[in-house]
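Each remark here refers to the structure printed beneath this line.
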Amino acid sequence: MTRTTILFILGAIGVLILAGVGVGMMWAELGVTMSLHGWIAYGLGAIASIALSVGLFWLSFHSARSGHDDIERPEDLDS
20 MTRTTILFIL
30 GAIGVLILAG
40 VGVGMMWAEL
50 GVTMSLHGWI
60 AYGLGAIASI
70 ALSVGLFWLS
80 FHSARSGHDD
90 IERPEDLDS
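When the sequence shown is numbered by my numbering, its final residue is 98 and no position is left out of the sequence of numbers.
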């Protein structure tokens, strides 16, 4: 991995932690309490959502770059 990629990943993790702290502070101000199991579920849901987004974007770019989206039949070019 390049240095830029590593910095980007570390920055994204930092933003994710900052967002989690912000949500925790907001909930604490509103008087909402959450157990450790709730925080674990919240974190796993966030990670799963991000992983699903990354996976679907990767699949769409991979499909476009590998030629799966190209027209293969000459008769399709006429219309």
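Glycine residues also receive a C-beta, built at the ideal position from the N, C-alpha and C atoms.
Residue range of the unbroken alpha helix (DSSP H) whose run includes residue i
i   : result
S72 : 55-85
Coil, strand or helix - residue i by DSSP
i   : result
V51 : coil
T24 : helix
Best match in the options for proximity to residue i [C-alpha to C-alpha]
i   : options            : result
A70 : V51, T52, I32, A83 : I32
Y61 : G30, L26, I36, R22 : I36
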